[in-house]
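The next block holds one structure in the form of structure tokens; read it before the comments.
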Amino acid sequence: MSRVLLADDEPAIRKVVRDALEREGHEVVTAVDGQEALERFEESRFDLVVTDLAMPRLGGLELVQEIRRLSPVPVLVLTVRNEEREKVHLLDAGADDYVTKPFGIAELVARARALLRRADSAQGHPGEARWGDIAVDSAARSVLKAGKPVHLTPIEFQILTTLLKKPGAVWTHRQLMAEVWGTTAGVTNDTLRVHMGSLRRKLEDDPNRPRWFRTEPWVGYRFSPEP
Amino acid sequence: MKLPAVRWIGYPAAVLVVGATIALLKLFRQLTVSSVALLLLLTVFLCASVWQSGPGVLAAVLATLGFNFFFLPPLYTFTIADPRNVAALFVFLVSALLIGRLSALSRHRLELIGAERRDLLSLTQLSQGFLADTNRESLIGVAADRLRQALQCREVAILLADDTGELARRAETPGMVLREDLADLAYRQGNSAAYPSELGGTDIYLPIPIGLQRAGVLVARGLLSSERMAEACALLLGLAVERERFLGLARAAAETSTSEQMKSTLLAQLAHDLKTPVAAARGAIENWEKESGASEGSRLAGGQLDALTRRIGELMDVVRLDSGATRPRPERVSCAAIVEAALARFGDALAQHSLFLEPPPTDLAVEVDPSQLTEALGHGLENAARYSPAGSTIRVSVAEDGKNVLFHVSDEGGGVPASERDRVFERFVRLPGSERVPGSGLGLAIARSLVELNGGRLRLGDAPSGGALFEIAIPRAAR
Chain A
231 MSRVLLADDE PAIRKVVRDA LEREGHEVVT AVDGQEALER FEESRFDLVV
281 TDLAMPRLGG LELVQEIRRL SPVPVLVLTV RNEEREKVHL LDAGADDYVT
331 KPFGIAELVA RARALLRRAD SAQGHPGEAR WGDIAVDSAA RSVLKAGKPV
381 HLTPIEFQIL TTLLKKPGAV WTHRQLMAEV WGTTAGVTND TLRVHMGSLR
431 RKLEDDPNRP RWFRTEPWVG YRFSPEP
Chain B
60 MKLPAVRWIG YPAAVLVVGA TIALLKLFRQ LTVSSVALLL LLTVFLCASV
110 WQSGPGVLAA VLATLGFNFF FLPPLYTFTI ADPRNVAALF VFLVSALLIG
160 RLSALSRHRL ELIGAERRDL LSLTQLSQGF LADTNRESLI GVAADRLRQA
210 LQCREVAILL ADDTGELARR AETPGMVLRE DLADLAYRQG NSAAYPSELG
260 GTDIYLPIPI GLQRAGVLVA RGLLSSERMA EACALLLGLA VERERFLGLA
310 RAAAETSTSE QMKSTLLAQL AHDLKTPVAA ARGAIENWEK ESGASEGSRL
360 AGGQLDALTR RIGELMDVVR LDSGATRPRP ERVSCAAIVE AALARFGDAL
410 AQHSLFLEPP PTDLAVEVDP SQLTEALGHG LENAARYSPA GSTIRVSVAE
460 DGKNVLFHVS DEGGGVPASE RDRVFERFVR LPGSERVPGS GLGLAIARSL
510 VELNGGRLRL GDAPSGGALF EIAIPRAAR
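Here it is, written out as structure tokens:
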């Protein structure tokens, strides 16, 4: 059982999300704004924080920043459509993922589950991964699709292993660049997009409609092993 | 030393002073002739420097005659016994005249410098006054008064041109009469006019310059200052008017941006208030289905709520566009990134279709708000999916056309008849026969507004495949 801290100023949304998370078997503590959430967070230990973006007193972005000062606990943010800059800020500030309103409860629960599992399996075997018809062994630098070896360029391999570190999570363009190239200087979103495209051509069944390596429009990329 | 009010007083004064000096010198018999000459020269110098040229010359002549008559032997005659004294007397005359002339000149220069200093001082005060005024109406009113003092004139009028180029009197000394024809000439041709005034001094009509243009005309009647001073004042007035115009523009811009920000905050609040109850209801149904299993009723309710959410979203888009709260934030993005983003966001709508994507040229870029163009292109994708049969192909391509980039979405549906292609961009317009297809009739209208907001065009045409062609044209960004 995991303990989840839920912050939202809308009572109806709080109730619905709380019911769904409790049905998943989690213990849920609620807060009506960011300030109260921060107080609850300082009082006890949580495995996941789910927070609305726009709240009175202390907003979602500020809450993420405060929490990141205290702990590496996974944070999931409820955002609104077309606010890509806001999303990038959130992720760069340390949020792990977001769902865009209007979101389905199933989607929210699935994201929460992915974040909790990742926190759990952080000590597992990050070098090996299997999903769909793909198997990756980072140590051996081997990638198999449907049992056949796939040749990846060093950059593509670097992008792949970076994304595999956090299954289900969104990486902003800047975060990916920093991880893959070691710098964001001289690397453009287009450079990244071109490498991503060729990685998809090698691993996706339909590179125009990627299943595993999703584009988060104007934010970054997400590796989602469960379509 | 103060300038005498009446100039002719210098002549009798010079006669008196020279006479008195001679009488005084006569009292001191022990003085040598050369000492007397020097003292007389000093007197000439004084007369010339106090009363200037004319009295100076008179003093020089009188002193020469007096020197000859009273001091050169034989005394009390104008005859000169010693021929050497003739030369001395001549030298005395020339020196007296020269000294008189020089001292008068330097006196005159001093006065000029004083006048210029006064002009400069008034100009400085004038410009400080203009800078202190920040409101146009009060600026012009106060400017007329300030100018009247600075220019030492009886009456001042300021005429400024309005937007249509008509001159209007914006400020004037009460009861002032002026010649409209001269003012008009000064404004249209930029020629100044000056003539002697019946009020004394000069009447002058000066254009008020703003850069190479003219803002209006400055009229001064009974002007005592120089024309140069008046021109300098007109220049300052031009700068003040121009500054006031810029301040007005800055204020207006600040007000617009505040009101736009307020609108967009209010609309965000409204959207939130509309969507939250729907989202909560949708979530409650999902929870209920999880617990008690889905029923036909729950699925219907869920589907209806999803439709409602979409309607609210579209209506909010329209309201935002109408209220001017949708401000594009343009940045340079590659066309390939736009296509990728649109497919990522709206690709689900294409699940029943096969997608053919021509890889966009990698170096093609546009300067747009990325979200807005993605959204517009997304409406094209959704429309293609709605109005073409499942299993048919939807084609997406990007091409360069002159200065533009063309984004194309073409389908294999029935297409849109040429006669209806403008009408479908109107709000709530749906073509006959499309009643069964879900939709509000807002998508294309929103898409067109978004494209035009980003400097592009959106039109419908015939696809080579026989269906509809959705075409966005956006100016290409420089490479």
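Sequence lines, in order, name chains A and B.
Each residue of the first sequence is one higher than the one before, starting from 231 at the first, in my numbering.
Each residue of the second sequence is one higher than the one before, starting from 60 at the first, in my numbering.
In this text, a Cβ means the ideal position worked out from N, Cα and C, and glycines have one as well.
**Asked** Which of the three DSSP states, helix, strand or coil, is assigned to Phe87(B)?
**Response** Here residue 87(B) refers to the residue found at position 28 of the second sequence. Reduced to three states, the DSSP call for Phe87(B) is coil.
**Message:** Let me confirm a value: Ala344(A) is counted as buried when at least 16 other C-beta atoms fall within 10 Å, else exposed. Which label applies?
**Reply:** Along the first sequence, one-based indexing puts residue 344(A) at 114. By the 10 Å Cβ count, Ala344(A) comes out buried.
**Message:** Give me the chain A residues within the contact set of Ser393(B), using Cβ-Cβ distance strictly less than 7 Å, ordered along the chain.
**Reply:** Taking the second sequence and counting its residues from 1, the one referred to as residue 393(B) is at position 334. What Ser393(B) touches in chain A: Asp420.
**Prompt:** Any idea what DSSP makes of Lys317(A), helix, strand or coil?
**Reply:** Indexing the first sequence from 1 puts residue 317(A) at position 87. The answer is helix: DSSP assigns Lys317(A) an H, G or I state.
**Request:** Over the uninterrupted beta strand (DSSP E) stretch that includes Trp361(A), give me the two end residues.
**Result:** Taking the first residue of the first sequence as position 1, residue 361(A) is located at position 131. From DSSP, the beta strand (DSSP E) with Trp361(A) extends over 358-361.
**Request:** Name, in chain order, the residues that DSSP records as bridge partners for Thr260(A).
**Result:** Here residue 260(A) is taken as the residue at index 30 of the first sequence, counted from 1. Answer by DSSP bridge pairing, in chain order: Leu236(A).
**Thr330(A) versus Arg360(A): straight-line alpha-carbon distance, rounded** = The residue you call residue 330(A) lines up with position 100 of the first sequence. The residue you call residue 360(A) lines up with position 130 of the first sequence. Approximately 28 Å, taken between the alpha carbons.
**Request:** Please confirm whether Thr309(A) and Ala237(A) have their CB atoms less than 7 Å apart.
**Result:** Counted from its first residue, the first sequence places residue 309(A) at position 79. Counted from its first residue, the first sequence places residue 237(A) at position 7. Their beta carbons are not under 7 Å apart, which means Thr309(A) does not touch Ala237(A) by this criterion.
**Asked** So what does Leu265(B) bridge to, in DSSP terms?
**Response** Here residue 265(B) refers to the residue found at position 206 of the second sequence. Leu265(B) pairs with Leu277(B).
**Prompt:** Around the Cβ of Ala146(B), are there at least 16 other Cβ atoms within 10 angstroms (buried) or fewer (exposed)?
**Reply:** The sequence position of residue 146(B) within the second sequence is 87, counting from 1. It counts as exposed.
**Request:** Just the chain B side, please: which residues come within less than 7 Å of Ile335(A) by C-beta, in chain order?
**Result:** On the first sequence, position 105 is the one that residue 335(A) refers to. Those within 7 Å of Ile335(A) in chain B are Gly342, Glu345, Asn346.
**Prompt:** Within 10 angstroms of its Cβ, does Thr102(B) collect 16 or more other Cβ (buried), or is it exposed?
**Reply:** Numbered from 1 along the second sequence, position 43 holds the residue referred to as residue 102(B). Buried: at least 16 other Cβ atoms inside 10 Å.
**Spatial distance of Arg445(B) from Leu436(B) (CA atoms)** = Along the second sequence, one-based indexing puts residue 445(B) at 386. Along the second sequence, one-based indexing puts residue 436(B) at 377. So the alpha carbons of these two residues sit roughly 14 Å apart.
**Message:** Run through chain D and tell me which residues come within less than 8 Å of Glu240(A), C-beta to C-beta.
**Reply:** The question asks about chain D, but that chain is absent: this structure's protein chains are A and B.
**Item:** Alpha carbon of Ala140(B) to alpha carbon of Gly78(B), nearest angstrom
**Value:** Counting from one through the second sequence, the residue named residue 140(B) turns up at place 81. Counting from one through the second sequence, the residue named residue 78(B) turns up at place 19. In a straight line, the C-alpha of Ala140(B) is about 24 Å away from that of Gly78(B).
**Request:** Using beta-carbon positions only, say whether Phe487(B) and Gly473(B) come within less than 7 Å of one another.
**Result:** For the purposes of this step, residue 487(B) is identified with residue 428 of the second sequence, where counting begins at 1. For the purposes of this step, residue 473(B) is identified with residue 414 of the second sequence, where counting begins at 1. Cβ distance not < 7 Å, so Phe487(B) and Gly473(B) don't count as in contact.
**Prompt:** At which residues does the alpha helix (DSSP H) containing Asp240(B) begin and terminate?
**Reply:** Within the second sequence, numbered from 1, the residue matching residue 240(B) stands at position 181. 239-248 is the span of the alpha helix (DSSP H), which, as asked, contains Asp240(B).
**Request:** Mind listing the chain B neighbours of Thr445(A)? Cutoff is C-beta to C-beta under 7 Å, in chain order.
**Result:** The residue you call residue 445(A) lines up with position 215 of the first sequence. In chain order: Glu399, Ala400, Ala403.
**Residues bridged to Ile505(B) [DSSP beta-bridge criterion]** = Within the second sequence, residue 505(B) is the residue found at index 446, counting from 1. Answer is none; Ile505(B) lacks a bridge partner.
**Prompt:** Between which two residues does the alpha helix (DSSP H) carrying Val150(B) extend?
**Reply:** As a first step, residue 150(B) must be located in the second sequence, where it is residue number 91. Residues 142-191.
**Prompt:** So which residues of chain A does Thr421(B) contact, with C-beta pairs closer than 8 Å?
**Reply:** In the second sequence, the residue the question calls residue 421(B) occupies position 362. Near Thr421(B) (Cβ distances below 8 Å), the residues of chain A are Asp420, Val424.
**Prompt:** Exposed or buried, what is Thr414(A) when buried is set at 16 or more other beta-carbons lying within 10 Å of its beta-carbon?
**Reply:** For this step, residue 414(A) is matched to residue 184 along the first sequence. With fewer than 16 Cβ atoms within 10 Å of its Cβ, Thr414(A) is classed as exposed.
**Asked** Along the chain, where does the alpha helix (DSSP H) that runs through Ala400(B) open and close?
**Response** Stepping through the second sequence from its first residue, residue 400(B) is reached at position 341. Counting along the chain, the alpha helix (DSSP H) containing Ala400(B) begins and ends at 394-405.
**Message:** Tell me which residue opens and which closes the beta strand (DSSP E) that Ser456(B) is part of.
**Reply:** To locate residue 456(B), count along the second sequence from 1; it is residue 397. Where Ser456(B) is concerned, the enclosing beta strand (DSSP E) stretches over 452-460.
**Request:** Look at Phe130(B) and Val76(B) and say whether their C-beta atoms are less than 7 Å apart.
**Result:** To locate residue 130(B), count along the second sequence from 1; it is residue 71. To locate residue 76(B), count along the second sequence from 1; it is residue 17. Taking 7 Å as the Cβ cut-off, Phe130(B) and Val76(B) do not qualify as a contacting pair.
**Asked** To the nearest angstrom, how far is it from the Cα of Ser112(B) to the Cα of Ala174(B)?
**Response** Here residue 112(B) refers to the residue found at position 53 when the second sequence is read from its first residue. Here residue 174(B) refers to the residue found at position 115 when the second sequence is read from its first residue. Looking at the two C-alpha atoms, the distance is approximately 19 Å.
**Asked** What did DSSP end up calling Ile243(A) once you bin it into helix, strand or coil?
**Response** Counting from 1 along the first sequence, the entry for residue 243(A) is found at position 13. It is helical.
**Prompt:** Looking at C-beta atoms only, is the number of pairs between the region 413-431 of chain B and the region 390-400 of chain B that lie closer than 8 Å three or more?
**Reply:** yes
**Prompt:** Is it true that the CB of Ala230(B) sits closer than 7 Å to the CB of Ile217(B)?
**Reply:** In the second sequence, the residue the question calls residue 217(B) occupies position 158. In the second sequence, the residue the question calls residue 230(B) occupies position 171. Yes; because the gap between Cβ atoms is below 7 Å, this pair is in contact.
**Asked** Looking at Gly450(A) and Thr392(A), is the spacing between their C-beta atoms short of 7 Å?
**Response** Residue mapping note: residue 392(A) aligns to position 162 of the first sequence, counting from 1. Residue mapping note: residue 450(A) aligns to position 220 of the first sequence, counting from 1. Not in contact: Thr392(A) and Gly450(A) (Cβ atoms no closer than 7 Å).
**Asked** Measuring CA to CA, which of Arg388(B), Arg535(B), Trp110(B) is closest to His167(B)?
**Response** Locating residue 167(B) in the second sequence gives position 108, counting from the first residue. Residue Trp110(B) is the option with its Cα nearest to His167(B).
**Message:** Taking the straight line between their C-alpha atoms, what separation do you get for Ala400(B) and Gly307(B)?
**Reply:** To locate residue 400(B), count along the second sequence from 1; it is residue 341. To locate residue 307(B), count along the second sequence from 1; it is residue 248. Cα to Cα, Ala400(B) sits roughly 42 Å from Gly307(B).
**Request:** Would you grab the beta carbon distance between Val303(A) and Phe276(A) for me? Rounded to a whole angstrom, and I think it's under 8 Å.
**Result:** As a first step, residue 303(A) must be located in the first sequence, where it is residue number 73. As a first step, residue 276(A) must be located in the first sequence, where it is residue number 46. Between Phe276(A) and Val303(A) the Cβ distance is about 6 Å, and since that is below 8 Å, they are a contact.
**Message:** So with CB distances below 9 Å, who are the chain B contacts of Ile364(A)?
**Reply:** If you number the first sequence from 1, residue 364(A) lands on position 134. By Cβ distance, chain B contributes nothing, its closest Cβ being about 20 Å from Ile364(A), past 9 Å.
**Item:** Residues sharing a beta bridge with Ala450(A), DSSP
**Value:** Position 220 of the first sequence, counted from the start, is the residue given in the question as residue 450(A). It is worth fixing the name first, because residue 450(A) is Gly in this sequence and not Ala. According to DSSP, Gly450(A) bridges with Thr402(A), Glu446(A).
**Prompt:** Got a sec? Which residues, its chain only, sit under 6 Å from Met235(B) by beta carbon, not counting five neighbours each side?
**Reply:** Residue 235(B) sits at position 176 when you count from the first residue of the second sequence. So the list reads Glu214, Ala216, once near-sequence residues are dropped.
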